[in-house]
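First to last, the sequence lines map onto chains B and C. Per this note's numbering, the first sequence runs over residues 60 to 316. Per this note's numbering, the second sequence runs over residues -8 to 180. We put the CB at the ideal spot given by N, CA and C, even for glycine. Since we're looking at a predicted model, the values are computed, not measured.
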Amino acid sequence: MNHLTEEQLIEHYYAESAQSAGIERHLRECNGCAETYAELRTDLDAIEPITAPARAAGHGQLVWQSIRNFVPVHRQQQQGLWQRFSHTKGLSFATACTLLIAVAFFAGRQWENYQRPLQIQAAANDRARQPIGLVVLGDHLGRSERFLVALRHGDSTESSALVKAEAQDLLSANRLYRESAIKSGDPAFAAALDRLERVLVEIANEPPNGSHARLAELQKELNTDGLLFEVRVLRSRVQDEQREQQPAAVRTLGVLI
Amino acid sequence: MEENEHSIIRAVLSGNKEAYGALVVRHSYAIFRVAFRITGDQADAEDVVQEAFLLGYLKLESFEARAKFSTWIYRIAVNCALNLKNKRKPDAFRIAEDADITQHQVQVADTAASPERLLLSQEIDALQARAMQELTAIERTAFVLRHMEDRSTEEIAATLQIAPNAAKQAVFRAVQKLRRCLAPLRVTA
């Protein structure tokens, strides 16, 4: 066996060595280690425990009086009962987890029920907030676009009469849409419909026997190409909004189911 | 006594604040003693006693019914004392590791009771006190618990909330430093 280290000797002195018997045997056989251990024991034996000064008889009471005004009254009766029911921390933890899951589940159900009418209302509000009824407006803009195309390519008095009749028909509907656009706070849309309305008014009020030259002049004056482009843009915008609204409506229905 | 202490703790937690006073009276000196051994100062030890019992009261809800109150409050007090030692600046007087130990040599062979012997004893105490001051707070605390409070390495580790091996190493380092500082005592006539 090798010589004992100082750490082993210190452990042995405090009776904490796992190989106490082996160390004792080695100390009997090895004079060097025995001498080292004797020195260590002498040194440690010489270190007397520090003697604390004596305290007066009422020392504990004085300590309590010095802190009693700084401590609050415990109000833990309920927790004490709880602790008695749940004897271990693990049980308390498992119980807490179960309760948490149950509460989360029922809260989720309640939340869903609470949200359902709100979602229906929100969907209704969304529809109400749409600048104009998208589907009908889309139809109107489609008709207007076709009307302007026909106007641009119109070359006879017969066609001129048809164009005039169509303009009169579109005019009343366009007024309603324009007013709706103003009320719903969509000035860009309202302005575009206003320009379309001016064209429709001009054409609807043309004399019934208007010549082809007059129609061509009117086409030029009203700059129908620019207006046609504007109506196409509006119709495209309305179609986009229709596509955006459609999935939302499906989702709403999904929640309802 | 243990069951009695548990009933006192239940009473305190139920709102009977004054019941805690009985626990303070019962354990105050044991707490003062270990606090004094760690801090080496009477006023500091009194501060530790107050702080330990105050913290003990405030944390009483976390006290587990299976534990012993004496062990629980003892651990709180040791940590309060350790924290206090860590906050304190090192003492102005410290023994340098390379100091000439022959300057501190004392004679211990004469066992007769005499004025010289008393003086010698006082000098040994002073040397031991200075040697203890040489230790770090954790070394001193671990050594006090091992050598003077007779606590096992496992108990020291649990009290200081460190690994058992770290507790063992702290005791080893403390013993090595103390032996070096107290070497003059080995010189006999």
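I want to verify the contact list: residues of chain C whose CB lies under 9 Å from the CB of residue i, in sequence order.
i, result
"Gln120(B)", "Gly12, Val15, Val16, Ser19"
"Ile82(B)", "Chain C residues near Ile82(B): none, gap ~16 Å exceeds 9 Å."
Taking residue i and residue j to be in contact with their CB atoms under 8 Å, please state how far apart those CB atoms are, rounded to whole angstroms.
i, j, result
"Ala36(C)", "Phe23(C)", "5 Å"
"Gly197(B)", "Gln301(B)", "6 Å"
"Leu274(B)", "Leu207(B)", "So it is not a contact: roughly 13 Å between Cβ atoms."
"Val25(C)", "Glu107(C)", "Incorrect: roughly 34 Å between the Cβ atoms, too far for contact."
"Arg137(C)", "Tyr96(B)", "Actually they are not in contact, since the Cβ atoms of Arg137(C) and Tyr96(B) sit about 17 Å apart, beyond 8 Å."
"Arg28(C)", "Val135(C)", "5 Å"
"His71(B)", "Ser79(B)", "7 Å"
"Ala209(B)", "Val195(B)", "With a Cβ gap of about 21 Å, Ala209(B) and Val195(B) do not count as contacting."
"Val297(B)", "Leu200(B)", "6 Å"
"Thr30(C)", "Lys78(C)", "Their Cβ separation, rounded to whole angstroms, is 11 Å, which puts Thr30(C) and Lys78(C) out of contact at 8 Å."
"Ala105(B)", "Leu173(C)", "7 Å"
"Ile262(B)", "Ala226(B)", "4 Å"
So residue i contacts chain B; which residues on that side make the cut at Cβ distance below 7 Å?
i, result
"Thr144(C)", "Glu75"
"Arg24(C)", "Ala111"
"Phe60(C)", "Neighbours of Phe60(C) on chain B: none; closest Cβ ~14 Å, over 7 Å."
"Arg170(C)", "Asp102"
"Leu151(C)", "Within 7 Å Cβ-Cβ: nothing; Leu151(C) doesn't reach chain B, min ~16 Å."
"Arg28(C)", "Ile109, Ala111"
"Leu126(C)", "Those do not exist, as Leu126(C) stays about 12 Å from chain B at its closest Cβ, beyond 7 Å."
Going along chain C, which residues have a C-beta under 8 Å from residue i?
i, result
"His133(B)", "Val3, Leu4, Ser5, Gly6, Lys8, Leu51, Glu52"
I'd like to confirm something about residue i: is its beta-carbon nearer than 7 Å to some heavy atom of the ligand SAM, or not?
i, result
"Glu145(C)", "By its list of ligands, the structure shown contains no ligand whatsoever, and the ligand SAM lies outside what it can speak to."
Report the neighbours of residue i on chain C: residues whose CB is nearer than 7 Å to its CB, in chain order.
i, result
"Leu159(B)", "Chain C residues near Leu159(B): none, gap ~21 Å exceeds 7 Å."
"Glu66(B)", "Phe163"
"Ser79(B)", "The contacting residues do not exist; Ser79(B) stays about 14 Å from chain C at best."
"Phe129(B)", "Leu45"
"Trp170(B)", "Residues of chain C passing the Cβ test: none, with the nearest at roughly 34 Å."
If the cut is a Cβ gap below 9 Å, which residues of chain B does residue i touch?
i, result
"Gln119(C)", "Ala105, Ile106, Glu107, Ile109"
"Val69(C)", "Correct list: empty, because the minimum Cβ distance to chain B is about 14 Å."
"Gln33(C)", "Ala111, Pro112"
"Arg66(C)", "By Cβ distance, chain B contributes nothing, its closest Cβ being about 18 Å from Arg66(C), past 9 Å."
Residues of chain B with CB under 8 Å from residue i, in chain order?
i, result
"Leu109(C)", "Near Leu109(C) there are no residues of chain B at all, since even the closest Cβ is about 15 Å away, more than 8 Å."
"Leu75(C)", "Ordered by position in chain B, no residue passes the 8 Å Cβ test against Leu75(C), which lies about 16 Å from the chain."
"Val39(C)", "Within chain B, no residue comes near Val39(C); the closest Cβ sits about 11 Å away, beyond 8 Å."
"Tyr48(C)", "Ile126, Val130"
"Arg137(C)", "Tyr73"
"Leu184(C)", "The requested residue 184(C) does not occur in the structure, where chain C is confined to residues -8 to 180."
Provide the residue span of the alpha helix (DSSP H) that contains residue i, from first to last.
i, result
"Leu75(C)", "60 to 78"
"Gln152(C)", "Here Gln152(C) belongs to no alpha helix (DSSP H), and DSSP marks it neither H nor E."
"Pro246(B)", "246 to 263"
"Tyr96(B)", "90 to 105"
"Val122(B)", "118 to 126"
"Thr132(C)", "128 to 134"
"Ile22(C)", "11 to 30"
"Tyr48(C)", "33 to 49"
"Gln67(B)", "65 to 72"
**Stretch-stretch touch, CB-based, cutoff 8 Å, three pairs: the region 123 to 131 of chain C with the region 149 to 169 of chain C** = yes
**Asked** Should the region -1 to 12 of chain C be called in touch with the region 120 to 137 of chain B, which here means at least 3 C-beta pairs below 8 Å?
**Response** yes
**Prompt:** Are at least three pairs of beta-carbons, each pair with one atom in the region 66 to 76 of chain C and one in the region 142 to 162 of chain C, less than 8 Å apart?
**Reply:** yes
**Request:** Determine contact between the region 112 to 126 of chain B and the region 27 to 44 of chain C, defined as no fewer than three beta-carbon pairs at a distance below 8 Å.
**Result:** yes
**Request:** Could you tell me whether the region 220 to 233 of chain B touches the region 246 to 258 of chain B, where touching means 3 or more Cβ pairs closer than 8 Å?
**Result:** yes
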